[in-house]
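Worksheet for the structure shown next.
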Amino acid sequence: MKTPMVASRQSWFIRNRMMLLTLVVVFAYAAFIEWFWGWNSILAQWAEVGVVPILVALLLLTSTYFLRTWRFYDYFPRETAGHYGTLFRVTQIHNLLNIMMPFRTGETSFPVLMRSEFGIPLARATSALLVMRLLDLHALLAAAGVGLAIASPHRILAWVVWLCFLLVPVAAFALRRPLIRLAAKVLPGKAKALVDEIERGLPADAAAFARAWMTTIVNWLVKVAVLAWALGLMQVAPLAASFGGALGGELSSVLPVHAPGGVGTYPAGITAGAIAFGASRQKEALDILAQASINTHLLIVVSALTGTALALLVPKRKTR
1222 MKTPMVASRQ
1232 SWFIRNRMML
1242 LTLVVVFAYA
1252 AFIEWFWGWN
1262 SILAQWAEVG
1272 VVPILVALLL
1282 LTSTYFLRTW
1292 RFYDYFPRET
1302 AGHYGTLFRV
1312 TQIHNLLNIM
1322 MPFRTGETSF
1332 PVLMRSEFGI
1342 PLARATSALL
1352 VMRLLDLHAL
1362 LAAAGVGLAI
1372 ASPHRILAWV
1382 VWLCFLLVPV
1392 AAFALRRPLI
1402 RLAAKVLPGK
1412 AKALVDEIER
1422 GLPADAAAFA
1432 RAWMTTIVNW
1442 LVKVAVLAWA
1452 LGLMQVAPLA
1462 ASFGGALGGE
1472 LSSVLPVHAP
1482 GGVGTYPAGI
1492 TAGAIAFGAS
1502 RQKEALDILA
1512 QASINTHLLI
1522 VVSALTGTAL
1532 ALLVPKRKTR
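Numbering (my numbering), first residue to last: 1222 to 1541.
Printed below as a string of structure tokens:
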């Protein structure tokens, strides 16, 4: 029979196992970088870039968090009206957890926080988050499609295919009601309430959908441009490779396979994207690219921490 102390320790370990896994992975990753390159060598790239470009990049990346918050603020106008600051804190905590927790498990924090702060049902908040994530993924893939279309030997056909793909969200939104009706017929009666909540989580009308879609495009345009600029400053060439690296890193963060803190997976995504878009495969160039990918990942983490620090300055709501 387990003593209360042993049971308490086991319970604590079970509750915090994901956090402990994240810490172990982060420390192991830091040790690997020190052994393979040395942190002095990694951080030397920032010294070459200079303080001003780093601060500008951080400022621009942090600004995208305010835009993301406005996207949800506009999405739930009745529930969040007058409480942009509280919503900013929710989105930043969710963003940080999403970065630090493995396999996208941090996503679960958003509907929980939205219910506790604004009384929004879990199903509705989850539905809204799913819509946003699909728009995020679509925007990134569409951005990657631009590079593929430019490089294609059949440019006219490539651009036609790209344009059709660009309009997929419009078609999906136009067909939302028939799809929801079909789901209501196919699913058991007990699931009807869930289908209703999912429908309520969709954009209210075409104007709301258009705002969410355009905000998503602007958000990712700014973020990818800043990351591509940062990679270029760290000698990742040509420009297309910097652009591909930025896309690859962000795609790795949107897809389900995501290591704790993005360690390993985010830099790998940058490296794969840069090579796919024309980065040199020579040893010296690959070494520069590897170190630049690690530093770009650090830039993302620092910007997330900066956004979270700003969010924590927002006073909590006394009443809901």
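Ideal placement from N, C-alpha and C gives every residue a C-beta, glycine not left out.
Residue i classed as buried or exposed, judged by whether at least 16 other C-beta atoms fall within 10 angstroms
i, result
"glutamine 1231", "In this predicted model, glutamine 1231 has a pLDDT of only 49, less than 50, meaning its place in the structure is not dependable enough to derive any value."
"glutamine 1503", "exposed"
"isoleucine 1371", "exposed"
"phenylalanine 1386", "exposed"
"tryptophan 1233", "Note that tryptophan 1233 scores 46 on pLDDT, short of 50, meaning its location in the model is unreliable; the coordinates nonetheless yield the value given after this. Exposed, because fewer than 16 other Cβ atoms sit within 10 Å of the Cβ of tryptophan 1233."
"serine 1473", "buried"
"histidine 1359", "buried"
"serine 1514", "buried"
"alanine 1302", "exposed"
"valine 1352", "buried"
Which listed residue (the options) has its alpha carbon closest to that of residue i
i, options, result
"tyrosine 1294", "Met1321, Asn1316, Gly1327, Ala1429", "Ala1429"
"leucine 1534", "Asn1261, Ala1268, Thr1307, Ala1302", "Thr1307"
"arginine 1292", "Arg1354, Leu1334, Thr1326, Gly1327", "Arg1354"
"threonine 1527", "Asn1261, Thr1283, Leu1276, Leu1408", "Thr1283"
The ligand PLP heavy atom lying under 7 Å from the CB of residue i
i, result
"proline 1424", "For the ligand PLP, the structure offers nothing, since it holds no ligand at all."
Beta-carbon gap between residue i and residue j smaller than 8 Å
i, j, result
"arginine 1310", "alanine 1525", "no"
"alanine 1462", "glycine 1499", "yes"
"alanine 1265", "leucine 1520", "no"
"proline 1332", "leucine 1343", "yes"
"asparagine 1440", "leucine 1288", "yes"
"leucine 1356", "alanine 1458", "no"
"phenylalanine 1297", "phenylalanine 1339", "yes"
"threonine 1486", "isoleucine 1314", "no"
"leucine 1281", "valine 1475", "no"
"methionine 1335", "glycine 1327", "no"
Cβ-based neighbour list, residue i, same chain, cut-off 7 Å, excluding 5 preceding and 5 following
i, result
"proline 1274", "Leu1454"
"arginine 1397", "Leu1423"
"threonine 1285", "Asn1440, Val1443, Lys1444"
Cβ-based neighbour list, residue i, same chain, cut-off 6 Å, excluding 5 preceding and 5 following
i, result
"tryptophan 1380", "Ala1370"
"alanine 1404", "Val1416"
"alanine 1493", "Gly1469"
"alanine 1449", "Ser1463, Phe1464, Ala1467"
"alanine 1365", "Leu1468"
Min CB distance residue i to chain C below 8 Å
i, result
"threonine 1312", "Among the protein chains of the structure shown there is no chain C, as only one such chain exists."
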